[in-house]
Amino acid sequence: MAALTDEERDVLAAIQDGLPLEREPYRVVADRLGMSEDRVLALVQSMLDQRKIKRIGAVPDHYALGITANGMSVWDIPDERVAEIGRRLGEREEITHCYRRPRQPGWSYNLFGMVHARSRDDVVAAVERIARELDIARYPHEVLFSTRLLKKRGTRVRPGAGMPDEDA
Amino acid sequence: MPKSESAVQLDQVDRLLLNNLQGGFPVTHRPFADVAEKLGLEEDDVIARLRRLVETGALSRFGTILNAPQLGGERTLAAMHVPPERFEEVAAFVNSLDAVSHNYERAHHFNMWFVISSEDERDIQRTIDAIERATGLEVINLPTLEEFFVDLKFTF
Chain H
1 MAALTDEERD VLAAIQDGLP LEREPYRVVA DRLGMSEDRV LALVQSMLDQ
51 RKIKRIGAVP DHYALGITAN GMSVWDIPDE RVAEIGRRLG EREEITHCYR
101 RPRQPGWSYN LFGMVHARSR DDVVAAVERI ARELDIARYP HEVLFSTRLL
151 KKRGTRVRPG AGMPDEDA
Chain P
1001 MPKSESAVQL DQVDRLLLNN LQGGFPVTHR PFADVAEKLG LEEDDVIARL
1051 RRLVETGALS RFGTILNAPQ LGGERTLAAM HVPPERFEEV AAFVNSLDAV
1101 SHNYERAHHF NMWFVISSED ERDIQRTIDA IERATGLEVI NLPTLEEFFV
1151 DLKFTF
């Protein structure tokens, strides 16, 4: 299992709530940790290369910016087509997360694509557009709207131990 | 598209920053200067604007997004049908479990959707068992079989 080295964990713990908004942000982090700036740069780049860090940049608060509707589109795609359609679904601008998951008793959908938009109507319109343009409207699908966020614990590592959660 | 009244207002330069900085921030000595040069802005203006975007809440932060599967540990998406009259009670129990990282109410027969994650993969099944035992309700387990690459690029 890929895990974090102690040094990687220290760097992540220092920057996970935000990079210093200063001219030399990595040097500020390095000073705080008693490391050299070059070492911090090398560790961050290496974690990006290993995909331990997905990306670095602006993390928008969708709600604050008016993107208040979120719909989980779910699709029942024949197994032999799900890899190909999943790949094309993930490439769509409207889709923010895309996963293949198993069917279960009472649950027949095997492909999940998250859609964020400014309104529910926009989410529905996006799903209809995708269904048409990918020519998958004939496969059973629906959109599950979230009506309430009940719990969200952010993306964090604990210094010393534990594992992070991924933003959903 | 209509904007909700409570939305933070952005000017054109804010949008330029948001639309170009959701990833790919340079890992260099003067990254804001590199960004500024690419976008035709001033380094200090980029920094000042990002500070303001964080202060107003337009950004939840400026920094890293981690990739949990690459960091060890396991996670899954699970769902339940909870009778409406029991929803609050069941939500309180599910939310109380450390391994539950996210939980959403959704408008569907399966009306509770939550993410279970832990560095110990056995915690996934333990958590599902604990919920089923405590609530008497059935949990469906929908682990990721494949993640399709998404190029995050929200346009504001």
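Same order as they appear, the protein sequences are chains H and P.
Residue numbers for the first sequence follow the numbering used here, so the first one is 1 and each next one is one higher.
Residue numbers for the second sequence follow the numbering used here, so the first one is 1001 and each next one is one higher.
All C-beta atoms, glycine included, are put in the ideal place defined by N, C-alpha and C.
Three-state secondary structure assigned by DSSP to H/Met114
strand
Can you name, in chain order, every residue of its own chain whose Cβ lies under 7 angstroms from the Cβ of H/Ala137, other than the five neighbours on each side?
Ala131.
Min CB distance P/Leu1016 to chain H below 7 angstroms
no
State yes or no: is the beta carbon of P/Arg1051 nearer than 7 angstroms to at least one beta carbon in chain H?
yes
Answer with yes or no whether the minimum CB distance from P/Ala1243 to chain H is below 7 angstroms.
This structure cannot settle anything about residue 1243 of chain P, because the visible part of chain P is limited to 1001 through 1156.
So H/Tyr26 is in the alpha helix (DSSP H); what residue range does that whole segment cover?
25-33
Residues in its own chain within less than 8 angstroms of H/His62 by CB, not counting five upstream and five downstream?
Thr68, Asn70, His116
Which chain H residues are close to P/Ala1130, counting only those with a beta carbon under 9 angstroms from its beta carbon?
In chain order: nothing, as chain H lies at least about 16 angstroms away.
Which same chain residues end up closer than 6 angstroms to H/Leu134 when comparing Cβ atoms and leaving out the 5 residues on each side of it in sequence?
Arg88
Write down every uninterrupted run of the alpha helix (DSSP H) in the segment 100-151 of chain H whose length is 4 residues or greater and which is fully enclosed by it, in chain order.
120-133
How many Å lie between P/Val1046 and P/Ala1107 at the Cα?
41 angstroms
Comparing alpha-carbon positions, which option in P/Arg1122, P/Glu1119, P/Asp1044 lies nearest H/Arg23?
P/Asp1044
Between the alpha carbons of P/Leu1145 and P/Leu1021, how many angstroms are there, rounded?
30 angstroms
Interface residues of chain P facing H/Trp171 [CB-CB closer than 7 angstroms]:
Only positions 1 to 168 of chain H appear in the structure, and residue 171 of chain H is not among them; the question remains open.
P/Ala1058 and H/Leu111 closer than 7 angstroms at C-beta:
no
Check distances from the C-beta atoms of the segment 28-61 of chain H to those of chain P and list, in chain order, the residues that come in under 8 angstroms.
Glu37, Leu41, Val44, Gln45, Leu48, Gln50, Arg51, Lys52, Ile53, Lys54, Arg55, Ile56, Gly57, Ala58, Val59, Pro60, Asp61
For a test of the three-state rule: what should DSSP assign to H/Lys52, helix, strand or coil?
Coil, per DSSP.
Excluding the 5 residues preceding and the 5 following P/Glu1005 in the sequence, name in chain order all residues of the same chain whose CB lies nearer than 8 angstroms to its CB.
At P/Glu1005 the pLDDT is 47, less than 50, meaning the model places this residue with poor confidence; the figure from the coordinates comes in the next sentence. Excluding sequence neighbours, P/Glu1005 sits near nothing in its chain.
Between the Cα of H/Arg153 and the Cα atoms of P/Glu1074, P/Val1008, P/Phe1114, which residue gives the shortest distance?
P/Phe1114
Would you check if there are 3 or more beta carbon pairs closer than 8 angstroms linking the segment 1134-1145 of chain P to the segment 95-115 of chain H?
yes
Quick one: list the residues of chain H neighbouring P/Gln1070, beta-carbon separation under 8 angstroms, in chain order.
Correct list: Ala2, Gln50, Arg51, Lys52.
Let me know the secondary structure DSSP gives P/Thr1076 once reduced to three states.
strand
Evaluate H/Asp170 with the Cβ neighbour count: other Cβ atoms within 10 Å of its Cβ, from every protein chain shown; 16 or more gives buried, anything less gives exposed.
Absent from the structure is residue 170 of chain H, since the part of chain H shown begins at 1 and ends at 168.
Compare the C-beta of P/Gly1063 with all C-beta atoms of chain H and state if any pair is closer than 7 angstroms.
yes
Can you check whether the C-beta of H/Ile136 is within less than 7 angstroms of a C-beta belonging to chain P?
no
Helix, strand or coil for H/Ile85 per DSSP?
helix
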